[in-house]
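One structure is given below, encoded as structure tokens.
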Amino acid sequence: MLKKCLSAIFLSAILFSGFPAYNGVSSLQAQAIGGEMLTPMEEEIVKQINLARMDPYVFIKDLERMRSYYKGNILELPGEFSVETKEGVAALDDALKYLKKSRRTFVMTVSKGLTKSAKDHVKDQINNPEMSFDGTDGSTPHERMSRYGKPSAYHGENIGYGALTARGIVALFILADGQPDRGLRNNLFNPKYKKMGIACGEHKHYKYYCVVDFAASYAEQFGPKK
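Quick note on my numbering: the sequence shown kicks off at 1 and runs consecutively.
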């Protein structure tokens, strides 16, 4: 049986566009990226994902500073439009509780095949106002991953809309507002995952659309698939 976790969330870009940059990713972590095919934004997201996995505490202050801007379920950052969340500060409290008891886990390296899989889905969904893990051709995440290699039984996919910064994308995954199972967060911190692929593109409706594919292992395919 395939072990998979698919998770998606949309929060407006204003939620995280004000997060400060963090340059604390070590050279060892940076060298572990292996993502020469990535854009600067995608590469930075990989760094921030690995930072969260290696040192989850660094995101606590980012989330704590948001508390005073909640008005019930409405989040109002200064000088920005307001955004209606599903859980309000409850999701924030849950995320902080999780981070404070989290432990370090493995740094993930970038897979070319998983990145190609993520890029396929970004291109396919670029005009879709609704989030979907199924491609317009009916493809599932596992089927897309299998185009370029062989994913392990343990694999997952995160989708996020709208955040303007790499730091914001990862914070959005940690918050996982409106998700009872916190699938975004669980994928991000899953110690079974060792490989990842990422793609981001401009979206017709939400500015940015990012897809992150995860796998415990991934056998890259070289040459055309037979």
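Idealized CB from N, CA, C, for every residue including glycine.
Range of the contiguous alpha helix (DSSP H) that encloses residue i
i: glycine 168; result: 166-175
i: lysine 150; result: Taken as a continuous stretch (DSSP letters only), lysine 150 belongs to no alpha helix (DSSP H), being part of the beta strand (DSSP E) at 149-151.
i: alanine 52; result: 40-54
i: glycine 183; result: 183-189
i: methionine 37; result: Run containing methionine 37: none; DSSP gives neither H nor E here.
i: proline 141; result: 141-145
Residue i versus the options, residue with shortest Cα-Cα distance
i: methionine 54; options: Tyr98, Gly88, Arg104 and Asn73; result: Arg104
i: glycine 160; options: Ala153, Ile169, Tyr154 and Ser152; result: Ile169
i: tyrosine 193; options: Asn50, Glu76, Met37 and Thr39; result: Asn50
i: tyrosine 98; options: Asp181, Gly113 and Arg144; result: Asp181
i: serine 102; options: Tyr57, Thr115, Val46 and Val110; result: Tyr57
i: histidine 155; options: Leu164, Ala166 and Pro141; result: Pro141
i: lysine 227; options: Met108, Val89, Lys100 and Thr136; result: Outside the shown range of the chain, which is 1 to 226, sits residue 227, and nothing can be said about it.
i: methionine 37; options: Ala171, Gln179, Ala153 and Leu114; result: Leu114
i: arginine 144; options: Asn158, Cys200, Lys116 and Glu44; result: Lys116
i: asparagine 158; options: Gly183, Val110 and Ile45; result: Gly183
Euclidean distance between Cα positions of residue i and residue j
i: aspartate 213; j: tyrosine 69; result: 32 Å
i: aspartate 177; j: cysteine 210; result: 17 Å
i: arginine 65; j: phenylalanine 173; result: 17 Å
i: leucine 75; j: isoleucine 60; result: 18 Å
i: glutamate 202; j: tyrosine 208; result: 5 Å
i: leucine 63; j: arginine 167; result: 11 Å
i: aspartate 120; j: glycine 197; result: 11 Å
i: asparagine 73; j: lysine 100; result: 23 Å
i: arginine 67; j: glycine 88; result: 9 Å
i: glycine 138; j: lysine 195; result: 24 Å
i: alanine 199; j: threonine 165; result: 14 Å
i: glutamate 43; j: lysine 71; result: 34 Å
i: lysine 112; j: glutamate 84; result: 37 Å
i: proline 40; j: alanine 171; result: 18 Å
i: alanine 52; j: leucine 175; result: 12 Å
i: phenylalanine 106; j: isoleucine 45; result: 16 Å
i: glutamine 179; j: glycine 135; result: 22 Å
i: alanine 153; j: lysine 86; result: 32 Å
i: valine 110; j: alanine 118; result: 12 Å
Residue i, enclosing beta strand (DSSP E) - first and last residue
i: glycine 156; result: 154-161
i: tyrosine 218; result: 218-220
Residue-chain proximity (residue i, chain B), Cβ-Cβ < 7 Å
i: tyrosine 70; result: Annotation note: the requested chain B is absent from the structure, which comprises a single protein chain.
Contact test: residue i Cβ vs the ligand FAD heavy atom, cutoff 6 Å
i: arginine 104; result: Absent from the structure shown: the ligand FAD. Ligands present: none.
Next item on the list: Give a yes or no on contact between the region 83-102 and the region 130-140, applying the rule of three or more CB pairs nearer than 8 Å.
Entry: no
Margin query: Below 8 Å, how does it come out for the region 181-192 and the region 112-128: are there three or more Cβ pairs, yes or no?
Written below: no
Check: Between the region 211-218 and the region 142-151, do three or more beta carbon pairs fall short of 8 Å?
Finding: yes
Check: Which runs of the alpha helix (DSSP H) fall wholly inside the region 58-128 and span at least 4 residues, in chain order?
Finding: 60-64, 89-100 and 112-125
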